[in-house]
Structure formats: C-alpha cells, structure tokens
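Trainee:
In our numbering, the protein residues as written are 960 to 1180.
Below you can see the structure in the form of structure tokens.
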C-alpha cells in the first residue's frame, strides 16, 4: 500500500492560514490531499488557489472547474484568478512560461497582502528541483543553477513554501492512484519543443541510465 508522500514538517506551523496553489495536475492535487490529511495533526487552516492563465481554451476552463469541485468536496474556500498570459507575454516580450510564472506569483503575493492567507504552498517536487538545476546549467548558470528552487521564499507579506521539495513525482502519483484521487493532465507537458520538457522526458532518463539516483543527487547538490 502506498504511503502518503512526506511533507517537510519543518516548514509548517500550527495556526497557519495556508492557500494551496492547485493547477489540477497530480503534484498539486497530491499536495492538497496530503495537507488536508495533515491539517488536523498540525493545526492548519487551508484554502485552494487556482490561476486560469487564459491558455489552452476549454481545457483550462475544465481545469478550473475540476479544482473548484475538488475544493468544494473537501470543504475548502476556493480562490480563482483569471489572467491574460498571452497578452502579457506579447507586451513584455516574454515566453508564455515566463509570463505565466510572473502572473502566478504576483497573485500569490496579492493573496497574502490582502490577508487571505499567511502562506502559499506550491507543489514543486524533487524532480522539479533536478530539472531546474539541469536547465539552468544548460543555460550557462553556475551558482544560480546550483541554488535551484528554494524551499522558502519570504515575501513582504507572507511566505511561499514548497513542502514537497524532497518528494518524488512518481510517489505522488502512486499514492493518488491508491486513494482513488483523479487529477488533470496538461497536454503541453508532453510537447518536447519546450526545453524543460525535453530535459524531463529525454535528458534525465538518459542520465538515469548512468546513475539511477541522478535526480536525487542533482536536487541535493
């Protein structure tokens, strides 16, 4: 029987009003379900935050509906934020990924500044950490690449946490399948025209042939 993925308990404190950033994908759904199970033990007050990026048309609408339904079923407050990512990307000459990330984190900071949450939790995993390190190194970074994704980001008002940063993506999916929790698949994650997807689907699997623990080593480096 699959165990609930481990949360980094050092990041969580009793009384936290914590908004979980949920895209609808397996990682963020897994983080939400794990935090719901842990909320009573730790003493957390949870809400769900979802960004509709204005990309992928009906699929994005269905993602938002799925997350709203999940939040309702768990009895949690749901915050939805709609943005025009393509428009911002054109205006600021950014990639869609860069624009989406900027808009997402700007809203997370707004949620905390408005007092709707003390903390926002995102579902970055150990696999994301390894991919980020490789991606940055390939782009010529050195100390920045080795810095990777930080588990704690202190904002002017509030904190962004990554409680799954020591957790493998596969363990999350295994647990969700075990408990019968569905999630949404984003087809854009399969598009190897994006460098990050090529790293995830092609480069890291090749590196694992040389060292099956390469993801862990990269993440902890």
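Positions of the beta carbon are idealized from the N, C-alpha and C atoms, including for glycine.
Would residue 1067 be called buried (16 or more neighbouring beta carbons within 10 Å of its own) or exposed?
Mentor: Buried.
Trainee: Look at the Cβ atom of residue 1085, then the Cβ atom of residue 1127, and state whether they are nearer than 9 Å.
Mentor: Yes.
Trainee: Could you compute how far the alpha carbon of residue 1041 sits from the alpha carbon of residue 986?
Mentor: Whole-angstrom Cα-Cα distance: 21 Å.
Trainee: Counting C-beta neighbours from all protein chains within 10 Å, is the total for residue 1179 16 or more, i.e. buried, or is it exposed?
Mentor: Burial call: exposed.
Trainee: Measuring straight from C-alpha to C-alpha, what distance separates residue 1117 and residue 969?
Mentor: Each residue's alpha carbon lies about 16 Å from the other.
Trainee: Under 9 Å between the Cβ atoms of residue 973 and residue 1001?
Mentor: A contact, by the Cβ cut-off of 9 Å.
Trainee: Could you pull out every residue in the same chain whose Cβ sits closer than 7 Å to the Cβ of residue 1033, ignoring the five residues on either side in sequence?
Mentor: So the qualifying residues of the chain are 995.
Trainee: Does the stretch 1092-1099 come within contact of the stretch 1046-1056, defined as at least 3 CB pairs closer than 8 Å?
Mentor: Verdict: no, contact absent.
Trainee: Along the chain, where does the beta strand (DSSP E) containing residue 977 start, and where does it finish?
Mentor: Unbroken beta strand (DSSP E) run through residue 977: 976-980.
Trainee: Short check: CB of residue 1190 to CB of residue 1010, under 9 Å?
Mentor: Past the edges of the chain, shown from 960 to 1180, lies residue 1190, and the structure says nothing about it.
Trainee: For residue 1012, which of helix, strand or coil comes out of DSSP?
Mentor: It is coil, neither helix nor strand.
Trainee: Have a look at residue 1191 and residue 1090 and give me their C-alpha separation to the nearest angstrom.
Mentor: Because the chain is modelled from 960 through 1180, residue 1191 falls outside the range shown and cannot be assessed.
Trainee: Would you give the residue range spanned by the beta strand (DSSP E) that residue 1040 belongs to?
Mentor: 1036-1041 is the extent of the beta strand (DSSP E) around residue 1040.
Trainee: Could you check if residue 1107 is buried or exposed, using at least 16 other CB atoms within 10 Å of its CB as the buried criterion?
Mentor: Counting Cβ neighbours within 10 Å, residue 1107 comes out buried, since at least 16 surround it.
Trainee: Measuring CB to CB, does residue 1132 end up less than 9 Å from residue 1082?
Mentor: Contact: no.
Trainee: By DSSP's criteria, residue 990 is part of a beta bridge. Which residues make up the other side?
Mentor: According to DSSP, residue 990 bridges with nothing at all.
Trainee: For the beta strand (DSSP E) that residue 1118 lies in, which residues bound it at each end?
Mentor: Unbroken beta strand (DSSP E) run through residue 1118: 1118-1120.
Trainee: Give every residue of the same chain whose Cβ lies closer than 7 Å to the Cβ of residue 1159, excluding the five residues on either side of it in the sequence, and list them in chain order.
Mentor: Correct list, in chain order: 1090.
Trainee: Determine the burial state of residue 1176: buried for a count of at least 16 other Cβ atoms within 10 Å of its Cβ, exposed for fewer.
Mentor: Exposed.
Trainee: Under the rule that 16 or more other beta-carbon atoms within 10 Å means buried, what is residue 1138, buried or exposed?
Mentor: It is exposed - the Cβ of residue 1138 has fewer than 16 other Cβ atoms within 10 Å.
Trainee: Whose CA, out of 1141, 1156, 1174 and 1080, lies closest to the CA of residue 1006?
Mentor: Considering only alpha carbons, the answer is 1080.
Trainee: On a Cα-Cα basis, can you pick out the residue from 1047, 1087 and 1140 that is closest to residue 1029?
Mentor: Nearest option by C-alpha distance: 1140.
Trainee: Rounded to a whole number of angstroms, what is the C-alpha to C-alpha distance between residue 1047 and residue 1057?
Mentor: C-alpha separation (whole angstroms): 10 Å.
Trainee: Decide if residue 992 is buried, meaning its Cβ has at least 16 other Cβ atoms within 10 Å, or exposed.
Mentor: The residue in question, residue 992, is buried, as its Cβ has 16 or more Cβ neighbours within 10 Å.
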